[in-house]
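Just so we're aligned, residue 326 is where the sequence shown starts under this note's numbering, counting upward by one.
Each remark here refers to the structure printed beneath this line.
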Amino acid sequence: MLGSQPQELIYSTIENFETEPDITSLSRISETIVKTEEKRNAKLDRLQKGITALEEQLAEAKSKLESLNQPSDAFKEQVSGLGKSPLDPNENTFQLINTKSGELDSMKVTLAKQLTDIESQINQLHMTKMNLTKQKDEFLQQKEQALAVSVAENHNSSSMKISLFRSLGVHVDSAEKSDKIVIFDEKKNQTSVLDVDEKYSDYFISNYIWERLGT
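See below:
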């Protein structure tokens with residue numbers, strides 16, 4: 326063996342190697358690498374398309390948001406009448422809404438307080454009206470009683486005649502010095518006033534009243 330030529334030794338060694346399995350394994354590894362690379366590229370392509378679609382959606386959303394942030398003339402016209410402060414040209418749509426909402430809330434609180442004050446004043450006026458009505462009724466009752474006493478004490482005075490004419494719709498206004506007879510003629514829509522004096526006779530007073538009554 327040692328005496329053999331080196332070339333023969335090399336050939337003999339090569340012939341003893343089994344290279345076919347290794348070649349097959351290398352071929353399979355190469356195919357696996359190619360398939361893996363193809364899958365990787367396909368996945369990267371899908372991811373890139375997804376990223377592009379998301380970027381387009383994001384750009385569209387930003388555009389819509391910008392349009393919402395920038396208030397239109399119609400929107401400005403609608404909200405300009407709300408509240409008392411003028412519109413701030415530097416505020417966007419959402420800021421304008423927040424500002425006007427705060428103003429409206431303040432106005433509601435103010436109006437609620439004013440409404441409470443008005444209701445309180447109405448109640449006070451109602452109580453005052455009731456008291457005045459009661460005082461008026463008491464005064465009229467006292468007046469009627471005083472006139473009745475006057476008639477009872479002096480049957481021949483002009484007060485008795487006045488009391489009789491009152492039943493016919495003639496109003497008698499009693500004063501400190503003398504009475505006044507107020508006569509309203511519905512046909513002529515005319516009011517006549519007679520200051521009653523002791524010098525007037527019953528006949529004169531009666532005729533005056535009957536003439537003014539249109540009878």
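Quick reminder that beta carbons are idealized off the backbone N, C-alpha and C, glycines included.
Because the structure is a prediction, the values reported are computed rather than measured.
TODO: Return the residue from the list Ser410, Thr418 and Glu402 that minimises the CA-CA distance to leucine 429.
DONE: As a position in the sequence shown, residue 429 is number 104, starting the count at 1. Minimum Cα distance to leucine 429 is reached at Ser410.
Margin query: Among the candidates Ser445, Leu538 and Leu412, whose CA atom is the shortest distance from the CA of serine 517?
Written below: Locating residue 517 in the sequence shown gives position 192, counting from the first residue. Answer by Cα proximity: Leu538.
| field | Assigned exposure category for serine 447 - 16 Cβ within 10 Å defines buried | value | Looking up residue 447 in the sequence shown gives position 122. Here residue 447 is isoleucine; the residue named in the question, serine, does not match the sequence. It counts as exposed.
Q) Around the C-beta of lysine 425, are 16 or more other C-beta atoms found within 10 angstroms, so that it is buried, or is it exposed? A) For this step, residue 425 is matched to residue 100 along the sequence shown. Looking at its Cβ environment, which holds 16 or more other Cβ atoms inside 10 Å, lysine 425 is buried.
Pull up the DSSP beta-bridge partners for lysine 374, would you.
Position 49 of the sequence shown, counting from 1, holds the residue named residue 374. Answer is none; lysine 374 lacks a bridge partner.
Integer-rounded CB distance, given that asparagine 423 should sit under 8 Å from glutamine 607: The first residue shown for the chain is 326 and the last is 540, placing residue 607 beyond what the model contains.
- Item | Terminal residues of the alpha helix (DSSP H) in which aspartate 527 lies | Position 202 of the sequence shown, counted from the first residue, corresponds to residue 527. Looking at the DSSP string, the run of the alpha helix (DSSP H) that includes aspartate 527 is 527-538.
Fill in: Best match in Ile534, Lys513, Phe509 and Leu436 for proximity to valine 521 [C-alpha to C-alpha]
Here the question's residue 521 lines up with position 196 in the sequence shown. Here the closest residue by C-alpha is Ile534.
Check: Out of curiosity, what's the CA-to-CA distance linking aspartate 504 and aspartate 498?
Finding: In the sequence shown, the residue the question calls residue 504 occupies position 179. In the sequence shown, the residue the question calls residue 498 occupies position 173. Going from the Cα of aspartate 504 to the Cα of aspartate 498 covers about 6 Å.
**Message:** Quick check: what's the CA-CA separation for leucine 351 versus aspartate 370?
**Reply:** Walking along the sequence shown from the start, residue 351 turns up at place 26. Walking along the sequence shown from the start, residue 370 turns up at place 45. Their Cα atoms are separated by approximately 28 Å.
Review point. Opposite aspartate 510 in the DSSP bridges: which residues?
Key: In the sequence shown, counting from the first residue as 1, residue 510 sits at position 185. Partner(s): Gln515.
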